[in-house]
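K.L.:
For this note's numbering, add 28 to where a residue sits in the sequence shown, where the first one is 1. A virtual CB, placed ideally from N, CA and C, is assigned to each residue, including glycine. None of the values given here were measured: they were computed from a predicted structure.
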Amino acid sequence: MEAVVRDAEGLDIYLQLAAHDRDYDRDVLLLARLSQLARETEPNGESGQYGTIDIDNSLHAIVQSPLLFPTALSRWLTTDADVRLGKALLNHANITHLDQHFPQPYDLTRVPEDDAITTARRLCALTAAPSVSLGWTLSMARDFPDSTEVRNRAIELLNYHVEQLLVSTVELLAAEESSFLDLDVSTEALRKARDMQRVLDDLPRLRELEMTADMRLLHSSLKRSEHREIHRRAEESSAFRGLLHEVRLKYATRPVIEVRNEFGTEEMALPMSSHELRVELPLSELTDPVLGLVRRNQLWRSTSP
29 MEAVVRDAEG LDIYLQLAAH DRDYDRDVLL LARLSQLARE TEPNGESGQY GTIDIDNSLH
89 AIVQSPLLFP TALSRWLTTD ADVRLGKALL NHANITHLDQ HFPQPYDLTR VPEDDAITTA
149 RRLCALTAAP SVSLGWTLSM ARDFPDSTEV RNRAIELLNY HVEQLLVSTV ELLAAEESSF
209 LDLDVSTEAL RKARDMQRVL DDLPRLRELE MTADMRLLHS SLKRSEHREI HRRAEESSAF
269 RGLLHEVRLK YATRPVIEVR NEFGTEEMAL PMSSHELRVE LPLSELTDPV LGLVRRNQLW
329 RSTSP
């Protein structure tokens, strides 16, 4: 069992970040203390994550706070010395919002305009959960309505989402729970995405690539039945049928528990239900990984994607 590393500084930071009352000036100092603690902490060599429970808990508390998260993420992803901490924070956000079906809104009114733009680009470069990267981009367009630069960059990144994450973008922008339904850049991006989706829907498709988990299970079951029938017929016509002893193994798609009691032995099948979580990867990652890497590097360096 791994030892849990705790220290007074990390615990104090976590307890204050997890408190319900928020004070902007105090929060800025807490984030600075946390970043300094993270710089002094060696990361896990395998995962790149921090080895102290207090830093991990602090990041979790920040993700759960609508006031702390935008400030922390925009500071750390735009500061070279704190990028590792920013990535760790983003990992917590991705886990929280991975299965979310609407863009996550953020309050960016206390985030400098340049930092908001850079963070939006780097969220795309780090392939953040679409609900996070799209939510940040739309929040940026909403909270800086008079900035031509923000509008241009928001349109640019929305086009990136449409091109690279078409299915997720349509689902997120069209969600009834979205707080950006009346935002002009959101409605325009949704129109473009639906137009592109209609074009793609008219193209021929391979059914095997669109099967759900249940369909794949049924398909594999049919293939097994087909293989068993082929082997059965081969065995019936084999010259070795009467010479070899046949042993059959019983197996099923559901686990079975054998229960022995005073009345004998009973078998109890455990009901199973399928669960799947769809995660869409950027299109260029699937069609041209080299181009995908180039695009991510361009986004990280804050140049046009």
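Assuming W164 contacts T147 (C-beta within less than 8 Å), just tell me the rounded distance between them.
P.N.:
The Cβ separation is near 7 Å, so the contact holds.
K.L.:
Would you tell me roughly how many angstroms separate the C-alpha atoms of L39 and D82, rounded to the nearest one?
P.N.:
Distance between the alpha carbons of L39 and D82: 6 Å.
K.L.:
Report the three-state DSSP secondary structure of E205 (helix, strand or coil).
P.N.:
DSSP places E205 in coil when its eight states are reduced to three.
K.L.:
By the three-class DSSP mapping on this structure, what secondary structure does E304 have?
P.N.:
If DSSP states are grouped into helix, strand and coil, E304 belongs with coil.
K.L.:
How long is the line joining the alpha carbons of E68 and D53, rounded to whole angstroms?
P.N.:
Each residue's alpha carbon lies about 23 Å from the other.
K.L.:
Please report the distance separating the alpha-carbon of I183 from that of E254.
P.N.:
Roughly 52 Å between the two C-alpha positions.
K.L.:
Could you tell me whether the Cβ atoms of T124 and V91 are closer together than 7 Å?
P.N.:
Yes, these two residues count as a Cβ contact at 7 Å.
K.L.:
Is the Cβ-Cβ distance between E141 and F172 less than 7 Å?
P.N.:
Closer than 7 Å, so yes.
K.L.:
Which residue's Cα is closest to the Cα of D35: E308, T80, L154?
P.N.:
Of the candidates E308, T80, L154, the one whose C-alpha sits nearest the C-alpha of D35 is T80.
K.L.:
Cα separation between M29 and W104?
P.N.:
Bear in mind that the predicted position of M29 carries a pLDDT of just 39, short of 50, making it unreliable; the figure below should be weighed with that in mind. Cα to Cα, the separation comes out at about 32 Å.
K.L.:
Keeping to the same chain, check which residues put their C-beta closer than 8 Å to that of R61; ignore five residues upstream and five downstream.
P.N.:
The residues are E37, I41.
K.L.:
Does the pairing of the region 239 to 249 with the region 198 to 217 give three or more beta-carbon distances under 8 Å?
P.N.:
Output reads no: the region 198 to 217 does not touch the region 239 to 249.
K.L.:
Starting from E191, trace the alpha helix (DSSP H) both ways and give me its first and last residue.
P.N.:
176 to 192 is the extent of the alpha helix (DSSP H) around E191.
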